[in-house]
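I have placed the structure first, in the form of structure tokens, so that the comments after it can refer back to it.
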Amino acid sequence: VTAGSGVGVRWYEIRNPNGTTLANATNVNAPLIHQQGTFLGDGNFRWMGSIAMDNAGDIALGYSLSSLHTYPSIFVTGQAFGDAPNTLRAEQSVWNGTGSQSIINWGDYSSMSVDPVYDCTFWYTTEYLENSGKYVWRTRVGSFKFNNCPQP
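Going by this note's numbering, the first residue of the sequence shown is number 13, and it counts up by one from there.
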């Protein structure tokens, strides 16, 4: 999403209003947008976003970030359950990139997921460019959790 002097990541939380799945519902209402936002604001470019929610209702968003002065890097942000709606916390760096490219294409490798065993741990993986001259691509995997999520 282009806004101001940068590019941001647009996000939505969509909920089922009657709490049932389509397979079990007899009177299904249309899903509703519970909250939404665009994460941007400082002239940087954010793209390739991926978002997930843990069992406590915490939301995590990962994405690539770059600017004229910042190599493409890996960042995350999120919202703990109970935080103000339609907002995300300050972003955190997962990995600072060390290279850039002159071609337009950037791979489609961004995934935020929740650990299937410990439904409180977020895992984020995406690519970065290690070397500008040789286009040496690497994949980085990071994990984190919010403090309020009860882990078994």
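The beta carbon of each residue, even a glycine, is placed where N, CA and C say it ideally should be.
Residue i versus residue j: straight-line alpha-carbon distance, rounded
| i | j | result |
| --- | --- | --- |
| residue 28 | residue 41 | 8 Å |
| residue 91 | residue 100 | 5 Å |
| residue 153 | residue 22 | 22 Å |
| residue 82 | residue 66 | 31 Å |
| residue 102 | residue 151 | 23 Å |
| residue 136 | residue 30 | 31 Å |
| residue 14 | residue 59 | 10 Å |
| residue 162 | residue 132 | 7 Å |
| residue 109 | residue 17 | 21 Å |
| residue 44 | residue 143 | 44 Å |
Proximity of residue i and residue j at Cβ, strictly below 7 Å
| i | j | result |
| --- | --- | --- |
| residue 64 | residue 126 | yes |
| residue 57 | residue 85 | no |
| residue 93 | residue 72 | no |
| residue 98 | residue 61 | no |
| residue 122 | residue 138 | yes |
| residue 74 | residue 52 | no |
Residue i at chain D interface by Cβ criterion, 7 Å
| i | result |
| --- | --- |
| residue 96 | Protein chains in the displayed structure number just one, and chain D is not present. |
Among the options, nearest to residue i - alpha-carbon criterion
| i | options | result |
| --- | --- | --- |
| residue 157 | 20, 89, 60, 47 | 89 |
| residue 114 | 14, 147, 24 | 147 |
| residue 104 | 155, 141, 143, 142 | 155 |
| residue 46 | 96, 160, 76 | 96 |
For residue i, the first and last residue of its enclosing beta strand (DSSP E)
| i | result |
| --- | --- |
| residue 122 | 122 to 126 |
| residue 25 | 21 to 27 |
| residue 58 | 57 to 65 |
| residue 52 | Run containing residue 52: none; DSSP gives neither H nor E here. |
| residue 103 | Element bounds for residue 103: n/a, residue is neither H nor E. |
| residue 72 | 71 to 78 |
| residue 91 | 85 to 91 |
| residue 130 | Element bounds for residue 130: n/a, residue is neither H nor E. |
| residue 153 | 148 to 156 |
Buried or exposed (CB count within 10 angstroms, at least 16 for buried), residue i
| i | result |
| --- | --- |
| residue 12 | The chain is shown only over 13 to 164; residue 12 falls outside these bounds and no answer can be derived. |
| residue 54 | exposed |
| residue 120 | exposed |
| residue 80 | exposed |
| residue 140 | buried |
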